Structures are given as C-alpha cells and as structure tokens.
Amino acid sequence: MRLVDSSPALAQVARELSGQPVLFIDTEFESTRDGRTLCLLQVSSGERVYLVDPLRVPKLDPLIPVFANPEVEWVLHAGQQDVLLLREQFNLRETPRIFDTQIAWGLLGPEPSVSLAYLQFRLLGLRAGKAHQADDWKRRPLPQSQLEYAASDIEQLPALRAALSERLSAKGRLPALFDACHEALAPSQEPPPLLSLESFRNAWQLGAPSQAALEALIGWYNAQPAGGRIAAPAPKAMLAIASRLPETADELCRIKGVPMGFGKRHGAALAALVREAARSAQSEGFRPIDPEPYATFREIRLDAYLTTLRAEVCAQLELAPELALPMRVLRQLRGELLQGGSALSALPGWRGEVMGDAVKAHLERHPPPL
C-alpha cells in the first residue's frame, strides 16, 4: 500500500500504471447537496495498491491517459458511483471495458446486489470487518487504520475477478458480463422514441383545435434529430401547450415544463405552428378520441404471467431476476405480446444470447393469456 499525496508521487504512479491491461479500482467520496467530492482513489494493477489523495493533489491529470486507455479493463465492485465519478474526474467520453464483480455474481445466481465482504466470504472464504464503513473521508490526515481499510477494498479484487471469470467462462457468460456492465454502468443515452396520439393518455380531452395543435407538435417533434428530441419539452408539457394554445412565445415559455432555453430558441416558431394548426382545424367531421382504460383483466393476467416467466427462466438459468429481466424489460415484453409481436425482440444483445432460448421454450410450453 502506498499513499500518493504529492504531484511528483502522482506522476510516478502514472508511469507505473501506464499500459497495464487491468486496473482494480475503488473510490471513497462524500455526497452533499452540492454534489459529490472524490476523497480517495484506490487503484492497483494487481500488485501494489495506490491510495491517491485528490484533496492533497487536486489535479489528477497525469492519470488521464491511464484511465482513458481504451484497451484497459476496469475491475470494480458495485461500481455505478465509482464509474460516474471517474468519468467526471477525467472528463471521459467513453468508458473502457468494465468487470463489475457484483454484476458478475448476478449472472451466476439469484442475488443481484451483494456487499464486497459477502462476496469475499462466498468466493474466497474471507471475513472482512465493518469498522470504517461510515468514516469521514474528508478529514486529514487519514489515520493508518482507515488507509488500510481503503486498500483492503481492492486487495481481493484480483482473486474475485479470477474466481468469477472461471465460473462465467464455464457457463459461456463472460462476454455477456462485459455487455451487462456497460449497460448498467456506462449506458449510452437512447434517443426518446417517436410519438403518436396514443402516447398521450389525456389527449381524449382535447377539442378539435387542441387536437390539431397536438398533432402538429407531434409531427414537429418526430422530425427532430435525436438531440433535438432530447432537448424538447416532455410529452406532458406538449399536451399542456396543445391544451392552452399559446399565441406568443412568451405565453408558451410560461407553460410549466417548457425549458427556458428551449423556449427562447423555438418558442416563436412553435407558437406559430400551434396557432396555424388550431385555426385550420375543422369542427365538422372532428372525431374525438375515446379514453383508454387504466387497467384491464387481460393486462392483469399478462403481468402475472410475466412475473412467473421471469421467476422460472431465471431459476432455470441461475440468473438474478432483477439483473436479467428488470421491470423495464418486462414492460417491453408486455408491450410486444399485447401488440402481437415477438417477445424475443424485447431481448436484444446479451439477454437474447443468454436467455433467448429459455424464454422461447417457456412461451411455447405455457402460451401467454392473450
């Protein structure tokens, strides 16, 4: 273990870690209303553990090439906050390959969220104490016992990685691990989906002018590139715009949910679009939308069916249900089945590779109640 609390020492560590294929990482940080403060960075290539003190050496620039190396692999435990902090600290647009030991464990059994100490006990037979888990990491100097505790958080990561890799390889799931880690810890921002009138539950309450305005807004929204849709008002705000039919940019900007910057850039054009659509609407022949039910027994039965499918498939394959089939994926499965589509289309990537055959077999043995 080596404490790194000076710029020359940091430069030396950067040289020693440069080009290493694997980095074992942990962080200690404090969270406040103003955000997170990185208090300690623990890093190792598998031999010596370095404890980098960002409060004593605030400029960690020498480590940027080390952490930004696209060929390196980061190994962490429950690393969501760690990855976010490191991306912010080093201004990383892309994240290297990640091996999260907690996610790896979830690909081998029913437990999606476990402590590092628990995993060390299960895989290595080691019992770790909890003496410093709630310590103040901002105080300086840090006592030796606290530094030793911080170092211990990554000392066993090489052995955990080896044990988990062996088990994952035996099941053919090692490639799936890296995809699952990227999805959970370094997700790419998916563009918002295209909209239709069915995207607005309360559109049935609109009269002819407002419905025409909403349809015009939907057309405008769907024509935007992905970045434009991300910056646009949320559907709830779009419905409010269509309901209130603002005449000017100022009126549009006062509607709750319209971002100020967006309103300044696009308010005049959208107000004109809404005005024209409302004035062109024809009351004759207007067909109001009927409201959709909030729930049906068909949907209730399908939800129960999918809950059973998740439990049975995950038990068969020895996967943590919350990792393999989280609620967002179940909602996608539900939507595909209700629309008469293929449930497997809701399981792209690693989920399809790991679970596709088992899900298909379950659907064939036990057809959904549609």
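Residue numbers (the numbering used here): 774 to 1143. The beta carbon of each residue, even a glycine, is placed where N, CA and C say it ideally should be. Computed from a prediction, not measured in an experiment: that's the story for all the values here.
With 16 other Cβ atoms within 10 Å as the buried cut-off, status of residue i
i, result
"E803", "exposed"
"F840", "buried"
"L958", "buried"
"Y922", "buried"
"L897", "exposed"
"G1040", "buried"
"I991", "buried"
"Q1055", "exposed"
"S925", "buried"
"H1139", "exposed"
"I927", "buried"
"S852", "It is worth fixing the name first, because residue 852 is Gly in this sequence and not Ser. Per the 10 Å Cβ criterion, buried."
"Q875", "buried"
"A1100", "According to the sequence shown, residue 1100 is Met rather than Ala. That one is exposed."
"D855", "buried"
"M1011", "buried"
"P998", "exposed"
"S807", "The amino acid occupying residue 807 in the given sequence is Asp; Ser does not appear at that position. Exposed."
"A949", "buried"
"T805", "exposed"
"A935", "exposed"
"T868", "buried"
"D751", "Outside the modelled stretch of the chain, which goes from 774 to 1143, sits residue 751, for which no answer is possible."
For residue i, the first and last residue of its enclosing alpha helix (DSSP H)
i, result
"D721", "Residue 721 lies beyond the residue range present for the chain, which begins at 774 and ends at 1143; the question has no answer from this structure."
"F973", "Neither: F973 is in no alpha helix (DSSP H) and is coded neither H nor E."
"D1130", "1122-1138"
"L880", "Where L880 is concerned, there is no enclosing alpha helix (DSSP H), given that its DSSP letter is neither H nor E."
"G1108", "1100-1111"
"Q776", "The sequence given here has Leu at residue 776, not Gln. Run containing L776: none in the alpha helix (DSSP H); it sits in the beta strand (DSSP E), 775-777."
"Q893", "889-897"
"A959", "Looking at the DSSP string, A959 is not in any alpha helix (DSSP H), and its letter there is neither H nor E."
"V1047", "1033-1053"
"A1144", "Absent from the structure is residue 1144, since the part of the chain shown begins at 774 and ends at 1143."
"Q929", "Premise fails: Q929 is in no alpha helix (DSSP H) and is neither H nor E."
"E1091", "First-last for E1091: undefined, no H or E at that position."
"Q997", "Segment: none, Q997 is in no alpha helix (DSSP H) and carries neither H nor E."
"P781", "780-790"
"V839", "837-841"
"F863", "853-863"
For residue i, the first and last residue of its enclosing beta strand (DSSP E)
i, result
"G980", "First-last for G980: undefined, no H or E at that position."
"F797", "795-805"
"Y823", "822-825"
"Q815", "808-817"
Residue(s) in a DSSP beta bridge with residue i
i, result
"R870", "E846"
"F951", "F951 pairs with nothing; no bridge assigned."
"R1074", "R1074 pairs with nothing; no bridge assigned."
Same chain, Cβ closer than 6 Å to residue i, neighbours up to 5 away in sequence not counted
i, result
"L1098", "R1083"
"L930", "F797, V848"
"S888", "none"
"L970", "A976"
"L899", "Q893"
"G1163", "For the chain, the structure presents residues 774 to 1143; residue 1163 sits outside this window and is missing."
"I871", "W847, C954, L958"
"C1087", "P1094, A1097"
"L881", "R940"
"F951", "R870"
"K911", "E803, C812"
Contacting residues, own chain, Cβ-Cβ under 7 Å from residue i (five flanking each side not counted)
i, result
"Y1078", "P1141, P1142"
"L947", "S938, L941"
"L967", "N995"
"P965", "R1002, I1003"
"S972", "P1008"
"S1115", "E1109"
Beta-carbon proximity list for residue i, same chain, < 8 Å, skipping 5 on both sides
i, result
"G1036", "A1022, L1025, C1026"
"L920", "M774, L776, L824"
"L1075", "R1107, L1110, L1111, P1141, P1142, L1143"
"L833", "L783, L814, V825, P827, Q862, F863"
"S983", "A1015, S1016, L1018, A1051"
"A787", "P835, L836, P838, V839"
Any contact of the region 1060-1076 with the region 1120-1129, i.e. 3+ C-beta pairs under 8 Å?
-> Not touching, per the Cβ criterion.
Three CB pairs or more closer than 8 Å across the region 857-866 and the region 874-885 | Output reads no: the region 874-885 does not touch the region 857-866.
Evaluate contact between the region 941-952 and the region 974-988, counting only Cβ atoms and requiring at least three cross-stretch pairs below 8 Å.
-> No: the two stretches stay apart, fewer than three of their Cβ pairs being nearer than 8 Å.
How about the region 815-830 and the region 779-799: do they share at least three Cβ pairs that are nearer than 8 Å?
-> Remark: three or more beta-carbon pairs, one from each stretch, lie closer than 8 Å, so the region 815-830 and the region 779-799 are flagged as touching.
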